[in-house]
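**Student:** In our numbering, the protein residues as written are 32 to 237.
Built from N, CA and C at the ideal position, the CB exists for glycine as well.
1. Should residue 133 go down as buried or exposed, given a rule of 16 or more other Cβ atoms within 10 Å for buried?
2. Just confirm the distance between the C-beta atoms of residue 165 and residue 145, as a whole number of angstroms; I'd bet it's less than 8 Å.
3. For residue 96, report the span of its alpha helix (DSSP H) as first-last.
4. Name the two residues that bound the continuous alpha helix (DSSP H) containing residue 209.
5. Do you know how far the Cα of residue 180 is from the Cα of residue 229?
6. Within 8 Å, do at least three Cβ pairs link the stretch 183-199 to the stretch 143-159?
7. Need the endpoints of the alpha helix (DSSP H) that residue 145 sits in, please.
8. Near residue 205, what residues of its chain come up, given a Cβ to Cβ distance below 6 Å and the 5 sequence neighbours on each side ignored?
9. Given that a residue counts as buried once 16 or more other Cβ atoms are within 10 Å of its Cβ, and exposed if not, what is residue 212?
10. Let's see if you can read the secondary structure: which residues bound the alpha helix (DSSP H) around residue 123?
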């Protein structure tokens, strides 16, 4: 790996305007764990060739893998601004990370943050927005179910708006729930019950 980095560095000293060489060099740096340098090398690719088909997406992917989600979304927003056709791919990269590291691991705050950021990318299709709204709402729902368990005035006041937000998001999930065998009507009914419980606890405590 060091040899690849050394070769890339030497080549760039004489061919510093070749985006292909900078791209090769970035890959070698990333494989060696030198992420910041790899990102900087891809910045150079983008400077030389603003319409490079993959530089921004690779930057975003590497930053996501490194757990730097906010940095990744900033890069991906730039990518989408330059090439709107990449919006769906960029959003799915963020979604997949949020789903796998967040929802599946029951790390709901991570899932919620990722889904929120994915939806900030412009130009997403209605189908993808429905998918994001579903998992965003379902993650808020699951987190609130755990948080409300003490059934105290404090937990009720904290979770009531979360259950309400989850209902709103799930109501904007279109036909997506059926594709993952979720009975949306039943989920919304359960949420309505949780809302009523929190409201009753708050009323008793006031």
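**Tutor:** Once the coordinates are examined:
1. Answer is buried; the Cβ neighbour count reaches 16.
2. Contact doesn't hold; Cβ gap of about 14 Å is too wide.
3. First-last of the alpha helix (DSSP H) with residue 96: 86-96.
4. Residue range 207-210 is occupied by the alpha helix (DSSP H) that includes residue 209.
5. Going by the C-alpha atoms only, they are around 11 Å apart.
6. Under the Cβ criterion (8 Å, minimum of three pairs), the stretch 143-159 does not count as touching the stretch 183-199.
7. Residue 145: member of the alpha helix (DSSP H) spanning 139-150, first to last residue.
8. Annotation for residue 205: 161 place their beta carbon closer than 6 Å to its own, counting only its chain and skipping 5 residues before and after.
9. Answer is exposed; the Cβ neighbour count stays below 16.
10. Start and end: 118-128.
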